[in-house]
Amino acid sequence: MTGTPQGERTMLRVLEGEAIGPPPAWMMRQAGRYLPEYRATRAEAGSFLDLCYSPDFAVEVTLQPIRRFGFDAAILFADILLVPDALGQGVRFIGGDGPRLDAVRWDADLARLNAAATRPKFARVFETVARVRQDLPRETALIGFCGAPWTVATYMVGGQGSADQADARLWAYRDAAGFQRLIDLLEDVSVDYLSGQIEAGADVVQIFDSWAGSLPDEQFRRWVIEPTRRMVVRLKERHPAVPIIGFPRGAGVQARSYAAETGVDGVSCDTAMPLEFVARELSGHTVVQGNLDPLLLVTGGQALEGRVGEILAALSPKPFIFNLGHGIVPATPPENVARLVELVRTGAQR
Ligand code: CP3
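Right, dumping it as structure tokens:
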């Protein structure tokens, strides 16, 4: 382990394969409803999509958790569903009900989607990236992101979030060639979207495959590993130096083949991945990120301290980025997040 010279982005050094102590830390959904300043900006912006597409507001909410907690990385404020929205599929966020989309169910529905239509909306996101990069402290990395084709497709086909992603899985079984066309479209658009974010100033990109865990064997290979692998090849052609993190949530033992075959530089591990498995099967082969249970940030106290200590002991001897196993939940007291950052920075010694 080595120390950190002033002004260096530790997250990038770790993604080059260096173990750094204390490890860099950021949190999925670090900007969001648990922060009063987010709720205030959100109310001012009007709708959630207006917040995402207005650089003034999106820059502000991206920076809020950095000011408050001094994380080692900022993540662009946006959403994985901006891609279907920009493609022309109606996307709405109504109340606290989660997203609603005009479902795409058949090959014929794909005609409604238009890759060229994404440009003006993506341009606003790229402006946010450029402005955030200018305003961030030099040592803070900026993460761009998109949803993986499979996960975005589950929302596009289901028309909303679902517990089992049945609509997308059924389409994939019944008409693999038609479903492949949707995946290919998402792959093309997402490569351009991430490239634009990188060109605007993102230092790292993360591909969120939140529903990777619903697919077995060949389905996992075809709809999770293959589209991600092709995206990585194409992004590396354009931007060889920019690291890519994948988040195959729920992949379980399939995380091994995901890490080995997609070409991602780092794998973000979800809450349920046993530390012993991660340490033995992933650490040292890829850069590991994760995986504190976000609910421990709601409770805080000794349960939080104990688990942070276990994660650091198991994973931080190898190249490691501290994070949660899924996003921060709205009920999280901000002071527990501050305590977590302190625990990681002091090695969780009590
Ligand atoms: O992490 C960050 O701080 C950056 C911003 C970010 C958001 N969504 C903001 C958001 C990121 C990286 C995402 C990713 C995202 N969005 C994923 C992948 C990660 C995961 O959570 O599994 C998924 C599946 C989505 C889709 C999505 N967006 C859903 C299902 C919902 C509704 C559920 C909820 O938490 O409200 C959203 C809305 C959303 N995205 C909010 C935020 C801050 C809350 C909206 C609000 O303020 O009203």
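Take any residue in the sequence shown, count from 1 to its spot, add 64: that is its number in our numbering. Positions of the beta carbon are idealized from the N, C-alpha and C atoms, including for glycine.
Residue range of the unbroken alpha helix (DSSP H) whose run includes VAL193: 182-199
Quick check on ILE158: buried or exposed, where buried means 16 or more other Cβ atoms within 10 Å of its Cβ? exposed
Which residues does DSSP pair with GLN353 in a beta bridge? SER332 and ILE385
Do you know how far the Cα of ALA109 is from the Cα of SER321? 42 Å
For TRP275, which residues from the same chain have a beta carbon less than 6 Å from its beta carbon, with the 5 sequence-adjacent residues on both sides left out? THR215, THR218 and GLN229
Kindly indicate which three-state DSSP category LEU339 falls into: helix, strand or coil? helix
Between the segment 186-202 and the segment 231-243, can you find at least three pairs of beta-carbon atoms closer than 8 Å? no
HIS390: which of ALA378, THR363, ASP357 and ILE308 sits nearest, CA to CA? ASP357
How close, in whole Å, do the beta carbons of LEU249 and ILE207 come, if the pair is a contact with beta carbons under 8 Å? The pair is not a contact, with the Cβ atoms about 24 Å apart (cut-off 8 Å).
Using a 10 Å radius around the Cβ and a threshold of 16 neighbouring Cβ atoms, would you call ASN387 buried or exposed? buried
Alpha helix (DSSP H) segment containing PHE135, residue limits: Note, PHE135: premise wrong, no alpha helix (DSSP H); not H, not E.
Would VAL125 and LEU115 be called neighbours here (beta carbons separated by less than 8 Å)? yes
Would you check whether ligand 1 has a heavy atom nearer than 7 Å to the C-beta of HIS390? yes
Determine the direct distance from the alpha carbon of GLN353 to that of GLU345, and round the result to whole angstroms. 14 Å
Following a CB-centred definition, is ALA227 positioned closer than 7 Å to any heavy atom of ligand 1? no
Quick one: is ASN355 buried, meaning 16 or more other Cβ sit within 10 Å of its Cβ, or exposed? buried
In this structure, what does DSSP give as the bridge partners for LEU79? Note: LEU79 sits in no beta bridge, so no partner.
VAL269 - partner residues in DSSP beta bridges: GLY208 and ILE308
Considering only residues of the same chain and omitting the five flanking positions on each side of PRO86, which have a CB-CB separation below 7 Å? VAL408, ARG409 and GLY411
Roughly how many angstroms separate the alpha carbons of SER254 and GLY211, rounded to a whole number? 8 Å
Just to confirm my understanding: we take ALA378, look at its own chain, exclude 5 residues before and 5 after, and list those with CB closer than 6 Å. What are they? LEU339 and ALA343
State the CB to CB distance for the pair VAL78 and ILE385, rounded to an integer number of angstroms; the pair is presumed to be in contact (CB under 8 Å). 6 Å
In this structure, does DSSP put PRO87 in helix, strand or coil? coil
With a cut-off of 8 Å on the beta carbons, I'd call SER332 and ILE308 a contact; round off their distance for me. Going by Cβ atoms, the distance from SER332 to ILE308 rounds to 11 Å, so no, they are not a contact pair.
Can you check which of these residues, GLN128, HIS303, VAL147 and ASP334, is closest to ALA138 by C-alpha distance? GLN128
Taking all protein chains shown into account, do 16 or more other C-beta atoms lie within 10 angstroms of the C-beta of ALA232, making it buried, or fewer, making it exposed? buried
Looking only at its chain, what residues have a beta carbon closer than 7 Å to the beta carbon of MET75, apart from the 5 residues adjacent to it on each side? PRO88, ASP136, ALA137, ALA205, VAL268 and ILE385
If you measure from the CB of PRO163, is any heavy atom of ligand 1 nearer than 7 Å? yes
Can you give me the C-alpha to C-alpha distance between HIS349 and PRO201, rounded to a whole angstrom? 31 Å
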